[in-house]
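For reference, the structure discussed in these notes is given below.
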Amino acid sequence: MTTMRFGGRTFSNGDLPSAVLSELSPRGVHGTSGRSRAYLRKDAARSWNRAIRQVRSETGLDLTVRGWNRSRAEQELFFFQRYRRGASSPFRDYRFYRGVKYGRVSGAAAAVPGFSNHGWGLAVDVNDFGGVGEFGNARRVKAYPILKTYGWTETEGRRVSEPWHLVYDPAADRAKGGGKPRVTKAPRRKPTRPPTIKRRSRQRAWVALWREFLTAEKGSDPGTGTAFDGTLHDATTQWQKRHDLEPDGIVGPKTWYTATSGVRTGSRGSAVQIAQRIGGLRGSAVDGVAGSVFASRWKQIQRWLGVEADAVIGPKTVAALIAKG
Ligand SMILES: [Zn+2]
Numbered sequence: 019m020t021t022m023r024f025g026g027r028t029f030s031n032g033d034l035p036s037a038v039l040s041e042l043s044p045r046g047v048h049g050t051s052g053r054s055r056a057y058l059r060k061d062a063a064r065s066w067n068r069a070i071r072q073v074r075s076e077t078g079l080d081l082t083v084r085g086w087n088r089s090r091a092e093q094e095l096f097f098f099q100r101y102r103r104g105a106s107s108p109f110r111d112y113r114f115y116r117g118v119k120y121g122r123v124s125g126a127a128a129a130v131p132g133f134s135n136h137g138w139g140l141a142v143d144v145n146d147f148g149g150v151g152e153f154g155n156a157r158r159v160k161a162y163p164i165l166k167t168y169g170w171t172e173t174e175g176r177r178v179s180e181p182w183h184l185v186y187d188p189a190a191d192r193a194k195g196g197g198k199p200r201v202t203k204a205p206r207r208k209p210t211r212p213p214t215i216k217r218r219s220r221q222r223a224w225v226a227l228w229r230e231f232l233t234a235e236k237g238s239d240p241g242t243g244t245a246f247d248g249t250l251h252d253a254t255t256q257w258q259k260r261h262d263l264e265p266d267g268i269v270g271p272k273t274w275y276t277a278t279s280g281v282r283t284g285s286r287g288s289a290v291q292i293a294q295r296i297g298g299l300r301g302s303a304v305d306g307v308a309g310s311v312f313a314s315r316w317k318q319i320q321r322w323l324g325v326e327a328d329a330v331i332g333p334k335t336v337a338a339l340i341a342k343g
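Take 19 as the starting number for the sequence shown in my numbering and just add one per residue.
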């Protein structure tokens, strides 16, 4: 059993004396009920209270928690709800507690009692920060960069796919000793809205790009040439039908955005060129190869859209583009 020293006292996990704890603000709005009082080790509580004030002033979000300091008994309760002695685990998650093997039978992973950062009064579980694995949750995407500057780390939460679980690391707290840390805001970029092209459109470059894109698509025959002709129109409606878009043969932002679906760093082809143009690139930078410039542009766009900045144009990014782009 390890112990910790803080504030001139020594204590063990799950057994923090009230003298080293402070309450989280606002008082009495925490827990799943929204009426509990929450406590952390004094330095973590002070940092959290400052951090959420800045989150509120910069993003308008009010953060509350449903997990905070956890006694040994609470950790056991939690652990035994999910892990059974000698059980076979459908998650292949086995842990030893007091020399006995336990298998997880339900719920998300939980720390072995005595080893949780909740037991050190250093972890919070934030309300409405996304479900399992949902690190792109819009509230979290807005608030976390600020929390991070106050020493709230996500490494452990990422390891167990829990976006809500944050751990305080005093060494990472840039606001310690008062004052407001500077949040180096990651750059954001509004996507460049592609034009709407249709039969007889004269935007040659975009018409050519759209035809090239359809040529590479399975089951499409967009014909050749430089004009948006009947063949290209028909190929467009068929492609739109296959992608649950209105089959009107008009290539507007929604159709362009859908065409970039699946593009990621390392991709090649005309879908990449479309994504590069939406990313504001022009001329020879539109080369159909998704490299480092593509990645940084698209991460900026994803931040602007409020989705996870991973330079992968997945379903969430496409949906956000259609909604806001
Ligand atoms: Zn937690």
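Beta carbons: idealized from backbone N, C-alpha and C, even for Gly.
What you are looking at is a predicted structure, and each value in this text was computed from that prediction instead of being measured.
Original post:
For Ile215, does the three-state DSSP call read helix, strand or coil?
Top reply: strand
Original post:
Nearest-angstrom Cα distance between Thr167 and Trp138?
Top reply: 21 Å
Subject >> Beta carbon of Thr254 nearer than 9 Å to that of Thr276 >> reply: A distance of 9 Å or more separates the beta carbons of Thr254 and Thr276.
**OP:** Confirm the yes/no value for this check: CB of Gly137, any heavy atom of ligand 3, distance under 8 Å.
**Re:** Inclusion of ligand 3 in the displayed structure is not the case, the ligand content consisting of ligand 1 alone.
Subject >> Cβ shell of Ser89 (< 6 Å), same chain only, five flanking positions each side left out >> reply: Gly32
**OP:** Classify Thr21 as buried or exposed, calling it buried when 16 or more other Cβ atoms lie within 10 Å of its own Cβ.
**Re:** exposed
Subject >> Separation of Pro181 from Asp3, as counted between CA atoms >> reply: Any question about residue 3 goes unanswered here, given that the chain covers just 19 to 343.
Subject >> Inter-residue Cα distance where the pair is Tyr162 and Asn145 >> reply: 13 Å
Subject >> Selection from Ala293, Arg64, Gln221 and Arg260 that minimises the alpha carbon distance to Lys236 >> reply: The shortest Cα separation from Lys236 among Ala293, Arg64, Gln221 and Arg260 belongs to Arg260.
Original post:
What are the partner residues of Ser54, as DSSP defines its beta bridges?
Top reply: His48
Subject >> Residue range of the beta strand (DSSP E) that includes Pro188 >> reply: His183 to Asp191
Original post:
With 16 as the cutoff for other CB atoms within 10 Å, does Glu326 come out buried or exposed?
Top reply: buried
**OP:** Rank Ala127, Ser107, Ser106 and Pro131 by C-alpha distance to the C-alpha of Arg116 and give the top, closest one.
**Re:** Pro131
Original post:
Beta carbon of Gly149: closer than 8 Å to some heavy atom of ligand 1?
Top reply: no
**OP:** Quick one: grab the DSSP three-state call for Lys119.
**Re:** strand
Original post:
What does a CB cutoff of less than 7 Å around Arg103 pick up in its chain, not counting 5 residues either side in sequence?
Top reply: So the qualifying residues of the chain are Val118 and Tyr120.
Original post:
Where do the N-terminal and C-terminal ends of the beta strand (DSSP E) with Leu39 fall, by residue?
Top reply: Segment Leu39 to Glu41, the beta strand (DSSP E) holding Leu39.
Subject >> Boundaries of the alpha helix (DSSP H) in which Arg100 is found, first to last residue >> reply: Arg90 to Arg100
Original post:
Under three-state DSSP, which class holds Ser279?
Top reply: Of the three classes helix, strand and coil, the one that applies to Ser279 here is coil, per DSSP.
Original post:
What is the rounded straight-line gap between the Cα of Gly297 and the Cα of Val269?
Top reply: Going by C-alpha positions, Gly297 is about 18 Å away from Val269.
Subject >> Nonlocal neighbours in the same chain, by C-beta distance under 8 Å from Ile164, ignoring five residues either side >> reply: Ala69, Gln72, Val73, Glu76, Thr77 and Val201
Original post:
According to DSSP, which residues form a beta bridge with Asp143?
Top reply: Gly85 and His183
**OP:** Name the two residues that bound the continuous beta strand (DSSP E) containing Ser30.
**Re:** Arg27 to Ser30
Original post:
Run through DSSP, which three-state label would Arg23 get?
Top reply: strand
Original post:
Which of helix, strand or coil does DSSP assign to Thr171?
Top reply: strand
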